[in-house]
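Quick note on numbering: the sequence shown equals residues 41 to 743 in my numbering. A short write-up of the structure that comes next.
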Amino acid sequence: MDLERVKCWDTSKKDSWKNILLLAYQSLGVVYGDLSISPLYVYKSAFAEDIQHSETNEEIYGVLSFVFWTITLVPLFKYVFIVLRADDNGEGGTFALYSLICRHAKVSLLPNRQLADEALSTYILEHPPEKEKSSRLKVVLEKCKALHTALLILVLLGTCMVIGDGVLTPAISVFSAVSGLELSMSKEHHQYAVVPITCFILLCLFALQHYGTHRVGFFFAPVVLAWLLCISALGLYNIFQWNRYIYQALSPYYMFKFLRKTRISGWMSLGGILLCITGSEAMFADLGHFSYSAIQVAFTFLVYPALILAYMGQAAYLSQHHHTSHRISFYVSVPGLAVMAVMLVTTCLTSLVIILCWRKPPILALCFLIFFGSIELLYFSASLTKFREGAWLPILLALFLMTIMFVWHYATIKKYEFDLHNKVSLDWLLALGPSLGIARVPGIGLVFTDLTSGIPANFSRFVTNLPAFHRVLVFVCVKSVPVPYVPPAERYLVGRVGPAAHRSYRCIVRYGYRDVHQDVDSFESELVDRLADFIRYDWCRTQRTSSCTEDDASRSTDMSDCRLAVIGTVAFSGAPAYEIEETQPASVSVGFPTVESITDVIEMEPVERRVRFAIDEDSQADSRTENAKQIREELEDLYAAQQAGTAFILGHSHVKAKQGSSIMKRLAINFGYNFLRKNCRGADVALKVPPVSLLEVGMVYVV
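Okay, structure coming up:
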């Protein structure tokens, strides 16, 4: 909902009670809409056609007992007290759980991973690797590559189920609320009023979305608060007016009695009862907009008691009015199936988090999985009866989206493996010069690649067809890391490609899965600033290598293509002392017998060292003067190239399956991926690169 990179509220202020209460109030208008209106249709959907109300009220008591324990166990115990604690730097949702698991176990399928990414401040580990004793489950997960793919498919399935359910949830929720007009309107007027009113309200709701979570929360919070207070007050009134002993139905005994009496009809009614927890996943998915304490306070002290009172009041009323039935047919076809699928995925991933991230005994995770998984499987099996009544639509949409995501991911990995096999050496780049008819032209050339080392094949193809490249050359790798946010001061990894006189650099730009990528103007200017900072730092490092305070910091300086430094937002100006993170790889690339899995082609295995450089103002005066001259010359070349203009060199690829590939692979690559690539926006559009600054290099990938 928010397009801003930062969260809606300052996380440093979330701990005070004043801010917790404020966030809890705002969360009412964003998180609890679906949960709050569930009393409108749960009872109507729960009672199947052939369930008859008896004078003993066993059916009504049984449904109320199911509703009470379902709300208590799933949203309250599972989500509020357990799942919400599995946050990823304050972020929640399926990808947050997957990100946590990938950081604590080597199960990620993301390409171009580096150990330097683990130095990010947001790369939080519950137990450092050197102190933890790997569990048997972790060892099995890391060794079995099929489980890596299975885990990714599970995450994609859960994510796509959320999307599929979210397509219909707003319409169902609003339609359910508006359908209450049938109680005060004739049937003829009702059928012509509900749909137009629903469409109008939906248009208004979506028109407000672009204002952001902060404003939407403030706008709808009083509405939801008033609604919760009203249904709780009505619940109390109905309890005291119609049946003061309705609290007896909270006993689990009535659940078993209900199922024993109604049998198959009672099991089918569970598909309607599960609607009482529709929207529970939103508490975890929207965690990043608020805080754990705020959502916990709002649900535990307001939403939960209001819903329980509302359901008890409805049951008390129905216990004295058996023949009152204002059936709204649309309620029975609410697709309760996608919701349970998402909850099952969350349960499975949370059980892995309990073992891998929290380092709890496996028996505890197994108990969590069996207890909550059995509850959700029971409701999932009952909701299968809704498949032909409308639940097929979100399921079909989710499977379609999951197929698209997996095909895109698979083809992207294959392209990366092709690039890794066909990259050229640094010696080839350094050999380019006038003797080979290669000219250096003014300006900055930004060569975009997925590689974090070596020279990409698209650049060699570019030079082959156009024997010239820019005076300042920067190989840019924009990569994703398994964290929600990358602090701006830690976003850029900068290093040299070749000697300083060659004026070639490598810049790795790291983004988290919740970061918004910069547009081309801010990216270009910030990249030049980071290059300038790196130039100052690198010359100071070269001058003061002998002044390192750590003995193990001395090392060869001829691996300039491999050494990368984290360049932050604070410019270097020759301060008396400064500290910086540096990574030096043990090898540029590792040998591998096969490339069937991306885990075989990790490019760099850097060993991280922290080095402190102390600047002595009185020593090495001549060396300092020479270095200052070289710094000035390199910076002048950089800024002159910036004034001459920047060219963005991007690959324009066509991917095709190699000979002998299976039919499924040929369909996925030759048709599926290429269709998506042609009909989705390219990197130039995503970066908003002006056409005059764009240079595309055609490449054919045979994977």
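Where is the CB? At the ideal position from N, CA and C, for every residue including glycine.
Query                                                                                                                                                                                 : Result
Please give the ranges of any alpha helix (DSSP H) in the segment 374-415, keeping only runs that are unbroken, at least 4 residues long and fully inside the region.                 : 377-396
Examine the Cβ distances between the segment 388-400 and the segment 310-320 and report whether three or more of them are shorter than 8 Å.                                           : no
Could you give the distance in angstroms between the alpha-carbon of residue 209 and the alpha-carbon of residue 84?                                                                  : 17 Å
In the DSSP assignment, find the unbroken beta strand (DSSP E) run with residue 707 in it and report its ends.                                                                        : Element bounds for residue 707: n/a, residue is neither H nor E.
Reducing DSSP to helix, strand and coil, say where residue 60 ends up.                                                                                                                : helix
Using the Cα positions of residue 67 and residue 199, report the straight-line distance between them to the nearest angstrom.                                                         : 22 Å
So, are the CB atoms of residue 389 and residue 122 less than 9 Å apart?                                                                                                              : no
Going by beta carbon distance, what residues of the same chain come within less than 8 Å of residue 386, once the five residues before and after it are set aside?                    : 123, 134, 137, 198, 321, 324
Whole alpha helix (DSSP H) runs in the segment 108-169 with 4 or more residues, listed along the chain?                                                                               : 134-144
Have a look at the DSSP bridge pairing and note the partners of residue 741.                                                                                                          : 695
For residue 538 and residue 470, I'd like the C-alpha separation in whole angstroms.                                                                                                  : 7 Å
Could you have a look at residue 644 and say whether DSSP puts it in helix, strand or coil?                                                                                           : Residue confidence for residue 644 is low, a pLDDT of 38 falling below 50, so the modelled location carries little weight; the figure read from the coordinates is stated next. Three-state DSSP puts residue 644 in coil, outside helix and strand.
Hey, how far is the Cα of residue 430 from the Cα of residue 604?                                                                                                                     : 54 Å
Sorted by chain position, which residues of the same chain lie with C-beta nearer than 6 Å to residue 612's C-beta, five sequence neighbours on each side aside?                      : Note on residue 612: pLDDT 43, under 50, position unreliable in the model; no value is reported.
On the DSSP bridge assignment, give the partners of residue 533 in chain order.                                                                                                       : 548, 606
Secondary structure at residue 483, three-state DSSP: helix, strand or coil?                                                                                                          : strand
Quick check on the burial criterion: 16 or more other C-beta atoms within 10 angstroms. Buried or exposed for residue 580?                                                            : buried
Under three-state DSSP, which class holds residue 368?                                                                                                                                : Bear in mind that a pLDDT of 38 at residue 368, under 50, signals an unreliable position, so the number given afterwards is only what the model happens to contain. It is coil, neither helix nor strand.
Roughly how many angstroms lie between the CA atoms of residue 336 and residue 257, to the nearest whole one?                                                                         : 17 Å
Tell me, which residues are paired with residue 686 by DSSP?                                                                                                                          : 484
Label residue 157 either buried or exposed according to how many other C-beta atoms from any shown protein chain fall within 10 Å of its C-beta, with 16 as the threshold for buried. : buried
I'd like to know whether the C-beta atoms of residue 79 and residue 271 end up nearer to each other than 9 Å.                                                                         : yes
Could you please give me the residues that DSSP links to residue 512 through a beta bridge?                                                                                           : 484
For the alpha helix (DSSP H) containing residue 361, list its first residue and its last residue.                                                                                     : Note, residue 361: premise wrong, no alpha helix (DSSP H); not H, not E.
Going by DSSP in three states, residue 631 sits in which element: helix, strand or coil?                                                                                              : Low local confidence applies: a pLDDT of 30 at residue 631 is under 50, so the model's placement there is unreliable, with the coordinate-based value given in what follows. Looking at residue 631 - three-state DSSP - the assignment turns out to be coil, as it is neither helix nor strand.
Quick one: using the 10 Å Cβ neighbour count with 16 as the cut-off for buried, is residue 517 buried or exposed?                                                                     : buried
Among the residues of its own chain, which have a CB less than 7 Å from the CB of residue 178, if the five just before and after it don't count?                                      : 145, 396
Could you say if the segment 349-358 and the segment 415-423 meet the contact criterion of at least three C-beta pairs nearer than 8 Å?                                               : no
Which runs of the alpha helix (DSSP H) spanning at least 4 residues fall entirely within the segment 220-274, listed in chain order?                                                  : 227-248
Taking 9 Å as the threshold (C-beta atoms), are residue 185 and residue 311 in contact?                                                                                               : no
Among the candidates 333, 546, 406, 718, whose CA atom is the shortest distance from the CA of residue 119?                                                                           : 333
For residue 693, count neighbouring Cβ atoms within 10 angstroms of its own Cβ and tell me buried if that reaches 16, exposed if not.                                                 : buried
Determine the direct distance from the alpha carbon of residue 278 to that of residue 187, and round the result to whole angstroms.                                                   : 53 Å
Please report the distance separating the alpha-carbon of residue 342 from that of residue 313.                                                                                       : 21 Å
Tell me which same chain residues have a C-beta within less than 6 Å of the C-beta of residue 445, skipping the five on either side of it?                                            : 196
Would you give the residue range spanned by the alpha helix (DSSP H) that residue 4 belongs to?                                                                                       : As displayed, the chain neither begins before 41 nor continues past 743, which places residue 4 out of reach and without an answer.
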